[in-house]
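**Q** These protein sequence lines map, in sequence, to chains P and E.
Numbering of the first sequence is given in our numbering, commencing with residue 2 and proceeding in unit increments.
Numbering of the second sequence is given in our numbering, commencing with residue 756 and proceeding in unit increments.
Idealized CB from N, CA, C, for every residue including glycine.
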Amino acid sequence: EDQVTQSPEALRLQEGESSSLNCSYTVSGLRGLFWYRQDPGKGPEFLFTLYSAGEEKEKERLKATLTKKESFLHITAPKPEDSATYLCAVQAGDDKIIFGKGTRLHILP
Amino acid sequence: DTGVSQDPRHKITKRGQNVTFRCDPISEHNRLYWYRQTLGQGPEFLTYFQNEAQLEKSRLLSDRFSAERPKGSFSTLEIQRTEQGDSAMYLCASSPLAHTDTQYFGPGTRLTVL
Chain P
2 EDQVTQSPEA LRLQEGESSS LNCSYTVSGL RGLFWYRQDP GKGPEFLFTL
52 YSAGEEKEKE RLKATLTKKE SFLHITAPKP EDSATYLCAV QAGDDKIIFG
102 KGTRLHILP
Chain E
756 DTGVSQDPRH KITKRGQNVT FRCDPISEHN RLYWYRQTLG QGPEFLTYFQ
806 NEAQLEKSRL LSDRFSAERP KGSFSTLEIQ RTEQGDSAMY LCASSPLAHT
856 DTQYFGPGTR LTVL
């Protein structure tokens, strides 16, 4: 069964304290792995798509990487406005997208 | 391009009532998806359309749920005889056919069943 597991469930960091969020997955025929940001009461906001192991993408203080079994979202020198829930999702051969439960990130000023 | 819009943003209803939500996708996006999200969980796939055709429905979509996209533009999701377990955020997303891997989400409709 296709599955996405994110860790940790919640993470509190001081402003400027870099860290990484983990997304491990099992899926048959991975077509893409996605990272989304979700603020409270809002829909997910698309961040990145990764297609193959070894691929990396960056956006401001965020960098996403992909291996054959997991993805990492690295956050460098975070700011309080980076506080949000970060969702990982995978797309299998049937086009469905399966989401993890997310990591709630809180950056303290 | 104003993004995906959903209406209403919030709905409070009593158990047993019917509710209908609307989603307007990004114009010219062929695919439209419905998801349900409960507190502390990621979005769960419900169903999706390619133009006006409903191509797949999740097992989560009981016979009380029905979705339509009659002209291949906006879509509606109706829940009949609502139950307290239906309380959730209902999210709509759309994508162009050439890039189905990139889904753009709307703000969601928060349903509370009393």
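#1: Residue range of the beta strand (DSSP E) that residue 33 (chain P) falls in?
#2: Can you list, in chain order, the residues of its chain whose CB lies under 6 Å from that of residue 33 (chain P), leaving out five sequence neighbours each side?
#3: Mapping the DSSP letters down to three states, classify residue 83 (chain P) as helix, strand or coil.
#4: Secondary structure at residue 841 (chain E), three-state DSSP: helix, strand or coil?
#5: Rounded to whole angstroms, what's the CA-CA distance from residue 87 (chain P) to residue 73 (chain P)? Just pull it up for me.
#6: Name the one or two DSSP bridge partners that residue 800 (chain E) has.
#7: What are the residues in the segment 40-70 of chain P lying within 7 Å of chain E by C-beta distance?
#8: So what does DSSP say about residue 822 (chain E), is it helix, strand or coil?
#9: Using the DSSP secondary-structure output, state which residues sit across from residue 858 (chain E) in a beta bridge.
#10: Using only the alpha-carbon positions, how far apart do residue 48 (chain P) and residue 38 (chain P) sit?
#11: Do you know whose CA, among P:61, P:18 and P:99, lies nearest residue 802 (chain E)'s CA?
#12: Roughly how many whole angstroms lie between the Cα atoms of residue 758 (chain E) and residue 849 (chain E)?
#13: Return the CA-CA distance between residue 784 (chain E) and residue 103 (chain P), expressed in angstroms with no decimal places.
#14: According to DSSP, simplified to helix, strand and coil, what is residue 852 (chain E)?
**A** Walking through what the data contain:
#1: Stepping through the first sequence from its first residue, residue 33 (chain P) is reached at position 32. Taken as a continuous stretch (DSSP letters only), the beta strand (DSSP E) holding residue 33 (chain P) covers 33-39.
#2: As a first step, residue 33 (chain P) is located in the first sequence; it is residue number 32 there, counting from the start. The residues are 50, 52 and 92.
#3: To locate residue 83 (chain P), count along the first sequence from 1; it is residue 82. Looking at residue 83 (chain P) - three-state DSSP - the assignment turns out to be helix.
#4: Position 86 of the second sequence, counted from the start, is the residue given in the question as residue 841 (chain E). The answer is helix: DSSP assigns residue 841 (chain E) an H, G or I state.
#5: As a working note, residue 87 (chain P) is residue 86 in the first sequence. As a working note, residue 73 (chain P) is residue 72 in the first sequence. Those two C-alpha atoms are separated by around 11 Å.
#6: Within the second sequence, the letter at position 45 stands for residue 800 (chain E). BP columns for residue 800 (chain E) point to E:790.
#7: 43, 44, 45, 47 and 50
#8: Counted from its first residue, the second sequence places residue 822 (chain E) at position 67. Three-state result, residue 822 (chain E): strand.
#9: In the second sequence, counting from the first residue as 1, residue 858 (chain E) sits at position 103. DSSP lists no partner for residue 858 (chain E).
#10: Here residue 48 (chain P) is taken as the residue at index 47 of the first sequence, counted from 1. Here residue 38 (chain P) is taken as the residue at index 37 of the first sequence, counted from 1. Answer to the nearest angstrom: the Cα atoms are 7 Å apart.
#11: If you number the second sequence from 1, residue 802 (chain E) lands on position 47. For residue 802 (chain E), the nearest C-alpha among the options comes from P:99.
#12: Sequence index remark: in the second sequence, residue 758 (chain E) carries index 3 (1-based). Sequence index remark: in the second sequence, residue 849 (chain E) carries index 94 (1-based). Cα to Cα, residue 758 (chain E) sits roughly 9 Å from residue 849 (chain E).
#13: Counting from 1 along the second sequence, the entry for residue 784 (chain E) is found at position 29. Counting from 1 along the first sequence, the entry for residue 103 (chain P) is found at position 102. Cα to Cα, residue 784 (chain E) sits roughly 27 Å from residue 103 (chain P).
#14: Sequence index remark: in the second sequence, residue 852 (chain E) carries index 97 (1-based). Residue 852 (chain E) falls in the helix class under three-state DSSP.
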